[in-house]
Structures are given as structure tokens and as C-alpha cells.
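Please read the structure below before turning to the comments.
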Amino acid sequence: MRTRTSGWRSRYDQWFTAPQTVVVQPTTWCNLDCRYCYLPFRKLRHQMSSEVAAALATSVAQLADSGSPPIGIVWHGGEPLAVGLEKFTALLAPFEDLRRAGRVHHYVQTNATLITDTWCDLLAAYDIRVGVSIDGPAAVNTDRVDLRGKPAFDRILRGIRHLHRHGIPFSVISVVGTASITRPEELLEFLASLGCHSAGFNIEEAEGVNTDRQQPTLEQAEEFWRRTLVWSRSHGSRLKVRELERLAEYLYLIRTGQRAEWNERCLDPIPTVSTTGDVVLLSPELADTTDPAYDDFLAGNVLHQSLAEILDGAYRLRYVREFLTGLENCRAGCAFFDFCRGAQAANRYFENGSLTTTETNYCRVSRQALVMALSALATTEKGQAA
């Protein structure tokens, strides 16, 4: 007879795959103080020790199958480069055998203000894929400021110029707030001019310590995505948009009779490892969140358990079980679920206070609005053709 515990285990296995990404926090500190930042400890100078990095690398080695695609080691923050060149090199060292064997690939998400020629030499030497955080031209990048409140725009561009000089490709992530959501063409043209190979748009969310700012509305988001779709159809070769690429892939698979491939894709548990080795699952935004009801979302610590052991027991965690229930509720009741595949865990928690809930504002502005924009655009063009 199947036990209650085995039932949770099978439900977890139904939804989740082995991790394809491990998010790593080399430092909590950031040299910027972006006004919408969700990180609670960004002004504290905690750094990951070499001991934690070595334990993590040992754990990743157990997960990284030599016959599978490499696991992405995503150095996040804080600002990852704020640890300094020597420290960052030391943190990379335990992973080097795995990298050379093609079992891991490094990524870094950076505000680019600290990038120099020397940093570029390191990024190239370790084949680190770079993501730059910039919100658009200076007029809409005003929330990215340093600790004295000074604009960071010129310093970000200086870092990007270093990347160009060294031939290092990069992607961009832009936070889209109320200042930029009404100006998609200007934003897209600017990002295309930077020479990045792709861009992702994070419509501003209420999460972490960012709870009191005005968020873009569903109507604004739908118009933003509609105009982005129009721009991309004419200029898509200049800039790939992450969200449009995902929607295009979904539609292609459905249209070509490959729905099974889409349906079989499971969620990544996204283990996020803090400077101390603590591990949080499901959403990096839950890291450093204090909530005794969920044991602060901690799943384990790589100094005491391997990632494999932590993941093997993930289904026992209260917040993971609640998230599984929320996913099942989404699947049962949401018309957008086939594409969306369920609201993010952090958004359920920060917006609704419970991971068992379904729709969030993130769903509405980043998933539903995109689908509705495409539908409205297609309907309009069909009417014009008739």
C-alpha cells in the first residue's frame, strides 16, 4: 500500500527534473542599490568561503552526468564581481575539472560596473557566459543607482565596452517598470544597439523587500508585449527576446504535433546556494527570506549534505509540498497553464502569502498578457486581411 510520504515523492517526481541550473551566491553585497531590488542583505559583505565552494563542486560532480548537457553554475548576488578577481578565481577553482570535462558551464549575472580588461581576461579564460543587468537608455535606467544614489548608467556602458573589446558575447536582463513599459520600441532599439545576443524582460514584481512600489498593470503589460511582438517581427534578427522565443517554441511544438515533448518537460528545482552553503529550492528569490513557518525555506547545507541528498528529500519540505499543491491547482483551473506551466514559487509567496495559491501578478503581466497580446494581434491582422 502506498504511504502518504510515497505519494508526495511521486508528485514531486512528476513535476521536477534533475537540476539543470545551480544558482550560487558568492557574496550578499552589491555596489549598487537599485530601488526595486528584492535582496534584503545587499549591504552586508558576506562572502562564500573556499570550503563552501569545494563542497558545492563535489556535490555538483555527483549530479553532472557526463552524457547529459552541462549543469549551469550561475554566479548571482549581490554583485558577483564585488568579491574581487582573486577571490572569484578561488571560487571557480574547485569546478575546473568539471568545466574542462564539459560537465558544467559557468554563467555570471552582473551589473557590469566593475568589469575591466582583467575581468574580461578571466571571463574568457573560464568561458563564462555573461548576463548584464541594464534597464534601457539613461532615461529609464534611473532606478539603477549606487550606494550614494548616483546613476550607474555610464559605468554599465563602460563595462559593456570592455566586453566588446574582448569579443565576449553577452545577454541582457531588463527590469521593466512603470517608466519603461510604455516605451517598448525605445527600449528594444537601445538594447539592440548594445550588441547583446538576447534580452529578457522582467516586468517589475513585488517580492523580497521590494513591496511598496507601483507595479505595471495587466493592460500596460499586454500593450507592451503587443508592441514588442510587432517590433520583433521586423527587427528580430537584431535582438532575440527571451519571452518571445519561449512562446514561439511552444507554438512550434504544438503546431508540428510535438505536444508530448512540451508536456514532458519538467520544472528545474533551481537549488540556490548561499554564501554559507545553505540551500533553498524552487526560486532564488526565496533565499535569505526569514519565515519560521517554512524554516526560512532552507532545504539543507552543502557542508553537511550533498545536493543529491538535499534534492532527494525535497518532497518532505512543507513549502515544496505546498508548491506542488499550487501547481496542481493551476493545472486544474487556469486556461493559460498549458503555456505558463504554473506561477513561480516566490511570486505565490510574496504576492499571495501562500504557495498553494494560483494566479499571481507575475502570471498576469509576464505570461497571460503575452499570450493575449499575440491573440489580439492575430485577430486584428485577420480582420484587416478580410
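For the sequence shown, this note's numbering begins at 1252 and goes up steadily by one. Glycine residues also receive a C-beta, built at the ideal position from the N, C-alpha and C atoms.
In three-state DSSP terms, what is residue 1401? One-based indexing of the sequence shown puts residue 1401 at position 150. In the structure shown, the three-state DSSP call for residue 1401 is coil.
Beta-carbon contacts of residue 1253 that lie in its chain and below 7 Å, excluding the five residues immediately before and after: For the purposes of this step, residue 1253 is taken as residue 2 along the sequence shown, with counting starting at 1. Note that residue 1253 scores a pLDDT of 48, beneath 50, so its modelled location is shaky and nothing firm can be said.
As an exercise, report each continuous beta strand (DSSP E) stretch of at least 3 residues that is fully enclosed by the stretch 1362–1417, in chain order. You should have 1380–1384.
Leaving out five residues on either side along the sequence, give the residues of the same chain with a beta carbon under 6 Å from the beta carbon of residue 1593. Along the sequence shown, one-based indexing puts residue 1593 at 342. Closer than 6 Å at the Cβ level, and outside the excluded window around residue 1593, lie 1578 and 1581.
Spatially closest choice to residue 1558 from 1520, 1366 and 1572, by CA coordinates: Position 307 of the sequence shown holds residue 1558. Closest in alpha carbon position to residue 1558, among 1520, 1366 and 1572, is 1520.
Considering just the uninterrupted stretch of the beta strand (DSSP E) at residue 1326, what are its terminal residues? On the sequence shown, position 75 is the one that residue 1326 refers to. That run of the beta strand (DSSP E) goes 1322–1326.
Please give the ranges of any alpha helix (DSSP H) in the stretch 1461–1535, keeping only runs that are unbroken, at least 4 residues long and fully inside the region. Runs found: 1469–1486, 1493–1506 and 1510–1514.
How about residue 1381 and residue 1419: do their beta carbons lie closer than 8 Å? Numbered from 1 along the sequence shown, position 130 holds the residue referred to as residue 1381. Numbered from 1 along the sequence shown, position 168 holds the residue referred to as residue 1419. Their beta carbons are under 8 Å apart, which means residue 1381 touches residue 1419 by this criterion.
Contact the stretch 1402–1420 vs the stretch 1458–1469: 3+ CB pairs below 8 Å: With the cut-off at 8 Å, the stretch 1402–1420 and the stretch 1458–1469 do not touch.
Quick check: the stretch 1394–1403 against the stretch 1278–1285, are there 3 or more CB pairs under 8 Å? Judged by Cβ distances under 8 Å, the stretch 1394–1403 makes contact with the stretch 1278–1285, as three or more pairs qualify.
Residue 1566, buried or exposed, once every other Cβ within 10 Å from all chains shown has been counted against 16: Looking up residue 1566 in the sequence shown gives position 315. Residue 1566 should be labelled buried.
From what residue to what residue does the beta strand (DSSP E) around residue 1551 run? Locating residue 1551 in the sequence shown gives position 300, where the first residue counts as 1. Per DSSP, the unbroken beta strand (DSSP E) holding residue 1551 starts and ends at 1549–1552.
What is the DSSP secondary structure of residue 1587, reduced to helix, strand or coil? Your numbering for residue 1587 matches position 336 in the sequence shown. If DSSP states are grouped into helix, strand and coil, residue 1587 belongs with coil.
Which residues does DSSP pair with residue 1235 in a beta bridge? Outside the displayed span of the chain (1252 to 1637) sits residue 1235, for which this structure offers no information.
Under three-state DSSP, which class holds residue 1431? To locate residue 1431, count along the sequence shown from 1; it is residue 180. Residue 1431: coil per DSSP, three-state reduction.
Coarse secondary structure for residue 1258, derived from DSSP in three states: Translated into positions along the sequence shown, residue 1258 becomes position 7. If DSSP states are grouped into helix, strand and coil, residue 1258 belongs with the helices.
N- and C-terminal bounds of the alpha helix (DSSP H) containing residue 1339: The sequence position of residue 1339 within the sequence shown is 88, counting from 1. Looking at the DSSP string, the run of the alpha helix (DSSP H) that includes residue 1339 is 1336–1343.
Quick one: grab the DSSP three-state call for residue 1444. Here residue 1444 refers to the residue found at position 193 of the sequence shown. Looking at residue 1444 - three-state DSSP - the assignment turns out to be helix.
Could you tell me the alpha carbon to alpha carbon distance between residue 1383 and residue 1608, rounded to whole angstroms? Locating residue 1383 in the sequence shown gives position 132, where the first residue counts as 1. Locating residue 1608 in the sequence shown gives position 357, where the first residue counts as 1. Rounded to whole angstroms, residue 1383 to residue 1608 spans 32 Å at the Cα level.
Could you check if residue 1296 is buried or exposed, using at least 16 other CB atoms within 10 Å of its CB as the buried criterion? For the purposes of this step, residue 1296 is identified with residue 45 of the sequence shown, where counting begins at 1. It counts as exposed.
Quick check on residue 1503: buried or exposed, where buried means 16 or more other Cβ atoms within 10 Å of its Cβ? Taking the sequence shown and counting its residues from 1, the one referred to as residue 1503 is at position 252. By the 10 Å Cβ count, residue 1503 comes out exposed.
Suppose the cutoff is 7 Å on Cβ atoms and the five residues either side in sequence are ignored; what does the same chain contact list for residue 1545 look like? As a position in the sequence shown, residue 1545 is number 294, starting the count at 1. Closer than 7 Å at Cβ, skipping near neighbours: 1569 and 1570.
Have a look at 1572, 1624 and 1619 and flag the residue whose alpha-carbon is nearest the alpha-carbon of residue 1262. Walking along the sequence shown from the start, residue 1262 turns up at place 11. Comparing Cα-Cα distances from residue 1262 to each of 1572, 1624 and 1619, the minimum goes to 1572.
Could you tell me whether the stretch 1325–1332 touches the stretch 1358–1365, using the rule of 3 or more Cβ pairs below 8 Å? Output reads yes: the stretch 1358–1365 touches the stretch 1325–1332.
For the alpha helix (DSSP H) containing residue 1273, list its first residue and its last residue. Start at 1 with the first residue of the sequence shown, and residue 1273 comes out as number 22. For residue 1273, no alpha helix (DSSP H) encloses it; the enclosing beta strand (DSSP E) starts and ends at 1272–1275.
Stretch-stretch touch, CB-based, cutoff 8 Å, three pairs: the stretch 1436–1450 with the stretch 1293–1308: Taking one beta carbon from each stretch, the stretch 1436–1450 and the stretch 1293–1308 have fewer than 3 pairs nearer than 8 Å; the two do not touch.
Three-state class that DSSP yields for residue 1289 in the structure shown: As a position in the sequence shown, residue 1289 is number 38, starting the count at 1. Three-state DSSP puts residue 1289 in coil, outside helix and strand.
With 16 other Cβ atoms within 10 Å as the buried cut-off, status of residue 1406: On the sequence shown, residue 1406 is found 155 positions in, with the first residue counted as 1. Residue 1406 comes out buried.
For the beta strand (DSSP E) that contains residue 1450, what are its first and last residues? As a working note, residue 1450 is residue 199 in the sequence shown. From DSSP, the beta strand (DSSP E) with residue 1450 extends over 1449–1454.
On the CB-based measure, 16 or more other CB atoms within 10 Å of its CB, does residue 1618 come out buried or exposed? Counting from one through the sequence shown, the residue named residue 1618 turns up at place 367. It is buried - the Cβ of residue 1618 has at least 16 other Cβ atoms within 10 Å.
What's the C-alpha gap between residue 1349 and residue 1312? Against the sequence shown, residue 1349 aligns to sequence position 98. Against the sequence shown, residue 1312 aligns to sequence position 61. Straight-line measurement puts the Cα of residue 1312 at about 7 Å from the Cα of residue 1349.
Indicate the three-state DSSP secondary structure (helix, strand or coil) for residue 1279 in the structure shown. Residue numbering aside, residue 1279 sits at position 28 when the sequence shown is read from its first letter. Looking at residue 1279 - three-state DSSP - the assignment turns out to be coil, as it is neither helix nor strand.
Tell me the rounded alpha-carbon separation between residue 1493 and residue 1374. Here residue 1493 refers to the residue found at position 242 of the sequence shown. Here residue 1374 refers to the residue found at position 123 of the sequence shown. Those two C-alpha atoms are separated by around 23 Å.
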